[in-house]
Every structure is written in structure tokens, then in C-alpha cells.
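Those protein sequence lines, which keep their order, are chains A and B.
In this text, residue positions in the first sequence follow this note's numbering: the first is 11, and each later residue adds one.
In this text, residue positions in the second sequence follow this note's numbering: the first is 11, and each later residue adds one.
Glycine included, every Cβ here is placed at the ideal spot set by N, Cα and C.
Quick caveat: nothing in here was measured; it's all calculated off a predicted structure.
Each remark here refers to the structure printed beneath this line.
Protein chains: 2
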Amino acid sequence: MDELKKRILQDGRVLNDQVLKVDRFLNHQIDVDLMDRMGHAFFDHYRDSGITRVLTVESSGIAVACSVARRFQVPVVFARKTRSLTMVDDQYTAEVFSFTRQKKFTIMLNKRFLESDDRVLLVDDFLAKGQALLGLINIVHQSGATLSGAAIVIEKAFQEGGRLVRAVGVEVYSLARIASLKNGKVLFS
Amino acid sequence: MDELKKRILQDGRVLNDQVLKVDRFLNHQIDVDLMDRMGHAFFDHYRDSGITRVLTVESSGIAVACSVARRFQVPVVFARKTRSLTMVDDQYTAEVFSFTRQKKFTIMLNKRFLESDDRVLLVDDFLAKGQALLGLINIVHQSGATLSGAAIVIEKAFQEGGRLVRAVGVEVYSLARIASLKNGKVLFS
């Protein structure tokens, strides 16, 4: 998606050869019009997949997941990373290690909100080492729902996540694939 | 907002006389069309306030904040509750105690994303004891920005948050105000 690539070049910051910071428009400050155009691009790609639910994990995936779901006219469900006193129902759970937070999370999803006849589209802002996405895939498998694919805003193609997720048979559609962040420069695939 | 009140009566669950669970449409599974209509209602109320930024805190406020911001054609910024290795800039911070999670958080906002000439609308899904909203108000005051008000989906009017927030001079506009959850029943103000 050309608009996204231009925006990454304009407003992204390369912190080191592993980390691209896009907090000006994607995951801290949010450009809602860009979100909607990305939602439309994902809809175009998956429009014939019969999607019934969009699944993401808090927090950075929620904005783009809502934009995708609006196009499909289906609900969003987001997995939780922290337990609350009000979680009284049975939950699907999966273990996820976050490298940026250096912490293991248990992600949780109320079993009411994912059923075996659902067709699920996963959505997230980044695909890097793939841990969050593999956790969501695990939860979809537990539910017996059909997994239609993963819609990713930015894939760091030089890290292993994309390979790991595709290796378990999940189609990944990324709007921007980054081949390298070496020497402070963003190089797209 | 009648549609929201009907939805609360239809899909909300009263866990006890303090807790209303609305995870079917608001803060775990999300009804994106309802979000948009709520965004429109908030826009109608604050349309003459010259809003330049919508501020919320992760995670449950993000979806409705995006719907509000789309109407105003301004960015959303969401405060973070957990520190990441990629947070390299100066942050505004405030301490917040969450009763549902029984935990103290430091909420953080990159100083780049809130400026003294901003006119800010706060958005959140719930106003109960007011801790999260008071933390956001603290951050807006630190930034020197003008606070135009707070847009709340559900205010539990029998808890102290609304009173505390209004006592510091912040206008609160809630789409549904709940007077009581006693005897398993939702009673609106």
C-alpha cells in the first residue's frame, strides 16, 4: 500500500536495525483516516472469504481491527492481556512472549465470542517475531473456528514471524513488508 | 442515548450491585456500528468546542475514541499502561489505581502528541471511580492543553467518579448514566 509506505518513510523513526517506531500515526497517536483506508485495503483482499469476526489483541491492533470490521459489517473481538475481576466466563487462553516488553503474557478470550462456525480474520499492527499472532492462531484452533488469514499493517520480513505463521498454514497479507532497517534506513521488500 | 440504553438492557449483565458487564458489544467484543453512532452523538455534543485531539487510555476506550475522532477529523492519542523498550521519548505520566484489576498503573503519553495549543476531548468506555479519567486530566494539565470535556459511554452515577471529575471543573457528557445496579437490575438516572 503506497500511502502507508510513504507515511512510514515520512513519519517512521528507525531506532536501530530491529526497531521501527510508528507512534505518530499507528500505535500511540492514530491517524483515523489512514486506518480506514487500510481497513478498506484488507477488505478488498479478503472480501470473498465470508469473514464473520475480526480478532485482534489489545491494544495496538484495536483501531485497525475496527476499521476492517466496519467494512465487513462484523464484530471485532480483542484478546485481553491482563485479567480483570469481572472475567467470570470461561476463557480461551494462550501464552505469548513480548520482546518489546520483555514479558510473558497470557492472552485471554471469552469463549462466548468465538464459535466453531465463525470465519475469522486476524488483524494486528505489526508482525515481527510472530508471538502474538501465534497466540491468536492457537486460540482460533481451540475454538474450532475457520481461520481465513491474517491482515498485518507492517511486517518486518527480516524477522521470523512471517515465516513461522505461514509455516502453520495461515495466509498473511501485509500492507508494508520491510526487508531491512540497517543503517537507519527503511528498505521495503 | 436510547439505542445504548436498550442495548445495555438487552446484552448487559449485572454481576453484582457494583459491576455491569458489557463485553458483548463494548469492551471485549465490539459492535462497530454502535461505536460509530456513539461517536456521532459525542460529536454532536462537542462540535463547537474546536477539538484538535481525542485522548483516551488503552484498551477499552480506543474503539469509541476512533469513532469520535473520525467525526472531528482529528488524531486519537491513547495513553499506555505498560512501558515498552521502544519508548525513547519524554513521557507525561500519571498514577492510576484500577479497582477491577486491583493494581496501580503508571499511564504514559509521549509529550510529542499533546501540545499546549491543543483542545482535547477525553473519551472512555466507563466512568466509575474516576481514577483513569483523573489520570488523563492530570496529563492534559501537565501539557498546558485546553480540556474541552469528557465523553463517556457509561457512567455509573452511584459511584464517585463523576462527582470527582466535575469537582475539578471538567464537563462530563455520558451517553448512559446508571443510578443503580441493585437486585440485578439496571436503573438509569
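query	result
Exposure of B/Leu212, with buried meaning 16 or more beta-carbon neighbours within 10 Å	Any property of residue 212 of chain B remains undetermined from this structure, which presents chain B solely from 11 to 199.
Chain B contact residues for A/Glu68, given Cβ-Cβ distances below 7 Å	Glu68, Ser69
DSSP bridge partner residues for A/Ile117 (one or two, in chain order)	A/Ala104
Given B/Lys113 as reference, the closest of B/Val98, B/Arg122, B/Lys91 once Cα atoms are compared	B/Lys91
Residue-level contact to chain B via CB, A/Ile188, 7 Å cutoff	no
Residue from A/Pro85, A/Val29, A/Lys195 whose Cα sits closest to the Cα of A/Leu131	A/Pro85
Expected contact under 8 Å - CB spacing of B/Ala189 and B/Val78 to nearest Å	No, B/Ala189 and B/Val78 are not in contact; Cβ-Cβ is about 25 Å, not under 8 Å.
Per-residue contacts from A/Ile61 into chain B (C-beta, under 9 Å)	In chain order: nothing, as chain B lies at least about 13 Å away.
Between the CA atoms of A/Asp128 and B/Ala89 - distance to the nearest angstrom	33 Å
Members of the region 120-134 of chain B near chain A, C-beta cut-off 7 Å	Asn120, Phe123
Under 8 Å (Cβ pairs) to chain B, residues found in the region 37-50 of chain A	His38, Gln39, Ile40, Asp41, Val42, Asp43, Met45, Asp46
Option in A/Ile164, A/Thr116, A/Phe109, A/Gly159 with minimal Cα separation from A/Asp58	A/Gly159
Contacts around B/Asp136, its chain only, beta-carbon distance under 6 Å, and the 5 residues preceding and following it disregarded	A small correction: the amino acid at residue 136 of chain B is Phe; Asp does not occupy that position in the sequence shown. Cβ neighbours of B/Phe136 beyond the five flanking positions: Ile164.
Bounding residues of the alpha helix (DSSP H) (the contiguous stretch that carries B/Leu203)	A query on residue 203 of chain B cannot be resolved here, the shown segment of chain B reaching from 11 to 199 and no further.
Under 9 Å by beta carbon: chain A residues contacting B/Ala161	Residues of chain A passing the Cβ test: none, with the nearest at roughly 15 Å.
Delimiting residues of the beta strand (DSSP E) encompassing A/Arg63	63-67
Within-7 Å CB hit, B/Ser94 to chain A	yes
Per DSSP, the bridge partner or partners of A/Gly159	A/Leu131
Coil, strand or helix - B/Leu19 by DSSP	helix
Within-7 Å CB hit, B/Ile149 to chain A	no
Three or more C-beta pairs below 8 Å linking the region 21-31 of chain B and the region 42-61 of chain B	no
Contact list for B/Gln112 against chain A, beta-carbon separation under 8 Å	Leu95
Distance CB(B/Cys42)-CB(B/Val133) smaller than 7 Å	The sequence shown places Val at residue 42 of chain B, rather than the Cys named in the question. Against a cut-off of 7 Å, the Cβ pair of B/Val133 and B/Val42 comes out as no contact.
Contact the region 90-106 of chain A vs the region 142-159 of chain A: 3+ CB pairs below 8 Å	yes
Within chain A, partners of B/Asp33 - CB distance below 9 Å	Thr96, Met97, Asp99, Asn120, Arg122, Phe123
Other residues of its chain near B/Val175: CB distance less than 8 Å, five sequence neighbours each side excluded	Leu137, Gly140, Leu143, Leu144, Ile147, Ala160, Val182
Min CB distance B/Arg80 to chain A below 7 Å	yes
Counterpart residues of A/Gln39 in DSSP-defined beta bridges	B/Val87
Beta-ladder partner(s) of A/Ile164, from DSSP	A/Phe136, A/Ala186
Cβ of B/Val29 within 7 Å of any chain A Cβ	yes
Cβ pair A/Ser69, B/Glu68 closer than 7 Å	yes
Cβ separation of A/Val87 and B/His38, assumed to be a contact under 8 Å, to the nearest whole Å	7 Å
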